[in-house]
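Q: Numbering (the working numbering), first residue to last: 20 to 52.
We treat Cβ as the ideally placed atom computed from N, Cα and C, and that holds for glycine.
(1) Going by DSSP in three states, residue 46 sits in which element: helix, strand or coil?
(2) May I ask you to report which of helix, strand or coil DSSP gives residue 51?
(3) Expressed to the nearest angstrom, what Euclidean distance is found between the alpha-carbon atoms of residue 51 and residue 26?
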């Protein structure tokens, strides 16, 4: 699971990852309520 990611790839995928994380957090909060 150790792999090197180029900075350009990080900058390209970071928004997608952040979006997914935000959606998961929102779902977990909805489940708690």
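A: This is what the structure gives:
(1) helix
(2) helix
(3) 36 Å
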